[in-house]
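First the structure, in the form of structure tokens, and then the observations on it.
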Amino acid sequence: MCGIVGYVGEDYAVPILLSALERLEYRGYDSAGIAVIEDGKLIVEKKVGKIRELVRALWGKQYKAKIGIGHTRWATHGAPSEKNAHPHTDERMEFAVVHNGIIENYLELKKELENEGRRFSSETDTEVIAHLISKYYEGDLLQAVLKTVKRLKGAFAFAVISVHEPDKIVGVKTGSPLVVGLGKNENFLASDIPAILPYTRNVISLDDGEVAVLTKDSVDIYDFDGVPVSKEVFVVPWDILSAEKGGFKHFMLKEIFEQPKAVADTIGGFLSQDLSFPFDLSKVNRIVTIACGTSYHAGLVGKYWIEKNAGIPVEVIYASEFRYADVPVDENTLVLAISQSGETADTRFAALSAKEKGAAVVGIVNVVGSSLDREADFTLYTHAGPEIGVAATKTFTAQLAVLYLASLLFARRRGRIDREEFYKKVELFSEVTKKMEKVLELSDQIAEVAAKYKKFKDFLYLGRWLNYPIALEGALKLKEISYIHAEGYPAGEMKHGPIALIDENMPVVVIAPQDRVYEKMISNLEEVLSRKGRVISVGFEGDKVLKEKSETFIGIPEVEAEFSPLVTVIPLQLLAYHIADQLGLDVDQPRNLAKTVTVE
Ligand code: AGP
Numbered sequence: 001m002c003g004i005v006g007y008v009g010e011d012y013a014v015p016i017l018l019s020a021l022e023r024l025e026y027r028g029y030d031s032a033g034i035a036v037i038e039d040g041k042l043i044v045e046k047k048v049g050k051i052r053e054l055v056r057a058l059w060g061k062q063y064k065a066k067i068g069i070g071h072t073r074w075a076t077h078g079a080p081s082e083k084n085a086h087p088h089t090d091e092r093m094e095f096a097v098v099h100n101g102i103i104e105n106y107l108e109l110k111k112e113l114e115n116e117g118r119r120f121s122s123e124t125d126t127e128v129i130a131h132l133i134s135k136y137y138e139g140d141l142l143q144a145v146l147k148t149v150k151r152l153k154g155a156f157a158f159a160v161i162s163v164h165e166p167d168k169i170v171g172v173k174t175g176s177p178l179v180v181g182l183g184k185n186e187n188f189l190a191s192d193i194p195a196i197l198p199y200t201r202n203v204i205s206l207d208d209g210e211v212a213v214l215t216k217d218s219v220d221i222y223d224f225d226g227v228p229v230s231k232e233v234f235v236v237p238w239d240i241l242s243a244e245k246g247g248f249k250h251f252m253l254k255e256i257f258e259q260p261k262a263v264a265d266t267i268g269g270f271l272s273q274d275l276s277f278p279f280d281l282s283k284v285n286r287i288v289t290i291a292c293g294t295s296y297h298a299g300l301v302g303k304y305w306i307e308k309n310a311g312i313p314v315e316v317i318y319a320s321e322f323r324y325a326d327v328p329v330d331e332n333t334l335v336l337a338i339s340q341s342g343e344t345a346d347t348r349f350a351a352l353s354a355k356e357k358g359a360a361v362v363g364i365v366n367v368v369g370s371s372l373d374r375e376a377d378f379t380l381y382t383h384a385g386p387e388i389g390v391a392a393t394k395t396f397t398a399q400l401a402v403l404y405l406a407s408l409l410f411a412r413r414r415g416r417i418d419r420e421e422f423y424k425k426v427e428l429f430s431e432v433t434k435k436m437e438k439v440l441e442l443s444d445q446i447a448e449v450a451a452k453y454k455k456f457k458d459f460l461y462l463g464r465w466l467n468y469p470i471a472l473e474g475a476l477k478l479k480e481i482s483y484i485h486a487e488g489y490p491a492g493e494m495k496h497g498p499i500a501l502i503d504e505n506m507p508v509v510v511i512a513p514q515d516r517v518y519e520k521m522i523s524n525l526e527e528v529l530s531r532k533g534r535v536i537s538v539g540f541e542g543d544k545v546l547k548e549k550s551e552t553f554i555g556i557p558e559v560e561a562e563f564s565p566l567v568t569v570i571p572l573q574l575l576a577y578h579i580a581d582q583l584g585l586d587v588d589q590p591r592n593l594a595k596t597v598t599v600e
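Just so it is clear: in the sequence shown, position 372 is 372 by the numbering used here, and no numbers are missing.
Right, dumping it as structure tokens:
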């Protein structure tokens, strides 16, 4: 939640800050702001709404500052308003702060500072940081920040600049993400890598408990006691082109179309990764998968594959539920923590608590160097490239690829399949990308389906077995970008309650490839029809029975039953996309959401 950036160098800071903020807008877009130091003075500009409002407000103001910080907000403390927008300053406008995360003890600190005579101008938790730094400043910004950090509780990252040291940005990370980008005579700070990709691919990922001090010629990292820390620089494998729209109307559509490549790259990446886990896989007697949202749905599909191929029982739990429940895990439990961003607070904290109980944690992560990547005992990577659309698409199918391959790897390590069988199955699985390509050709047809159904207010999605999680995912996609109410359900459960909802105003999306549960799906479809439900079905293209029984039929190429989720999900992503687009909604940045949720 919220994106922060910083620039210090030889170029004008404002255009760089604005362009970096635009690439972080997926993290929040309630308001935006920048602070720069020009002629020894702090200048703060803020605007409610998206970055473009801030850009408009800055037209014609030719700031020449070469240092600054910026912020795009997803409101937690205080409504979206100009006064609550970041950067926040002390009363004397000597220090400006941008912040991501939550200061849990801010009320107590605010009271203390008010009692000392300091006046606050916002309802945010962030403002206490600016006041504390001002209180502790005695000629050394780093020392004032270190003193401040010791007073703060919570998970957060922030950046600060000061008129007293106008060549310096200090950034702090504990809980929320923060990376340093290294340039020539310039350096950057950002919540996420895409923000700085046009300028540099040389990055340092800060760990929790670290402070970075940036000038145009130097980057120094310290721990919270002020002890210097040496850090590795890594070169980001993505280029800026992969983070731009490339001719597509929206990032989401581009990312849907990138799925065959994302899956192929993920398979290639998996096969070339050194897979020596730092623990003994043969001792694992149980797997607990923790994840949120779309990543959770990937985990549900993975459960079927791992149980079938490796014979290990798998439990899939929402990360936010895991942390505060008493789920038994021990040194024989493998915890799979799935998160495309690697920064989702619920997933990270659940993984850390499982680690404390002795479980081995394997992360499935898209962002190399993210917090979960570094906190897990081992990471399996999805190679989907940066995903900018708030609705996850290509990272979902890439997660499925990792989970399928992991199920084979576990099977092999436990002696259930040999090397030859492993590679045979991988080869067969790789064929799925061709089927995914074919389904993408249905985009225009699905746009027509969207036009027909976009006026409906409620949808039901039904699937069984491997396609039950796909029903959940289809419904989530529709909800989050179209704001249409949708429920995903295991088709067999419909008769235990939701069937009461069915009438001619409730389109029912039935996912029914010809697999071992096909006959049962047809029976469930009949139940819908006899209650005047409108059926939109997704099934194999030659399936005349399904076609005849459906008001609308979306035919996909035949695919091995086991791999069907990678194919069936695409029409559902496209349906949600086209409905949202035709309703004129903001597909890439739906209301109330943020791409990465770094608060609990
Ligand atoms: C997906 O479309 C959603 N935006 C959301 O549910 C997301 O999958 C969830 O927040 C988890 O994110 P993560 O994979 O980065 O942890």
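Where a beta carbon is used, it is the ideal one built from N, C-alpha and C, also for glycine.
Can you have a look at residue i and say buried or exposed, based on whether 16 or more other CB atoms are within 10 angstroms of its CB?
i	result
HIS496	exposed
TYR324	exposed
LEU428	exposed
SER537	buried
PRO194	buried
LYS634	Nothing about residue 634 can be read from this structure; the chain reaches only from 1 to 600.
VAL179	buried
GLY139	exposed
PRO565	buried
GLY268	exposed
ASN524	buried
ASP192	buried
LEU271	exposed
VAL545	exposed
LEU107	exposed
GLN62	exposed
Cβ-heavy atom distance between residue i and the ligand AGP below 6 Å?
i	result
CYS292	yes
VAL597	yes
GLN143	no
THR344	yes
THR266	no
VAL390	yes
GLN602	The requested residue 602 does not occur in the structure, where the chain is confined to residues 1 to 600.
SER339	yes
THR347	yes
SER295	yes
Look up residue i in the DSSP assignment and say whether it is helix, strand or coil.
i	result
ASP444	helix
PRO328	coil
PHE456	coil
ASN202	strand
ILE364	strand
PHE277	coil
PHE46	Looking at the sequence itself, residue 46 is Lys, so the reference to Phe does not match. Of the three classes helix, strand and coil, the one that applies to LYS46 here is strand, per DSSP.
HIS88	strand
THR148	helix
ASP11	coil
LEU566	helix
ASP225	coil
ALA512	coil
GLY246	coil
ALA157	strand
PHE540	strand
So, under 8 Å CB-CB, residue i and residue j are touching, yes? Tell me the CB distance rounded to an integer number of Å.
i	j	result
VAL316	LEU300	5 Å
ILE103	VAL599	Between VAL599 and ILE103 the Cβ distance is about 11 Å, and since that is not below 8 Å, they are no contact.
HIS77	ASP125	5 Å
TRP582	THR393	The identity of residue 582 in the sequence shown is Gln, whereas the question assumes Trp. Contact flag wrong, Cβ pair sits at about 18 Å.
VAL128	LEU142	That pair is no contact at about 19 Å.
PHE648	VAL509	In the structure as shown, the chain begins at 1 and stops at 600. Residue 648 is therefore absent and cannot be evaluated.
message: For the structure I just gave you, are there three or more beta carbon pairs, one from the region 133 to 148 and one from the region 338 to 347, closer than 8 Å?
response: no
message: Taking 8 Å as the cut-off, does the region 566 to 580 touch the region 477 to 484 (at least 3 CB pairs, one atom from each stretch)?
response: yes
task: Please confirm if the region 541 to 557 is in contact with the region 220 to 240, defined as three or more CB-CB distances below 8 Å between the two stretches.
output: no
message: Three Cβ pairs or more, each shorter than 8 Å: is that satisfied between the region 430 to 439 and the region 408 to 421?
response: no
At least three beta-carbon pairs within less than 8 Å, the region 481 to 489 to the region 534 to 554: no
Three or more C-beta pairs below 8 Å linking the region 37 to 54 and the region 4 to 11: no
query: Any contact of the region 180 to 188 with the region 200 to 219, i.e. 3+ C-beta pairs under 8 Å?
result: yes
Contact the region 301 to 320 vs the region 395 to 410: 3+ CB pairs below 8 Å: yes
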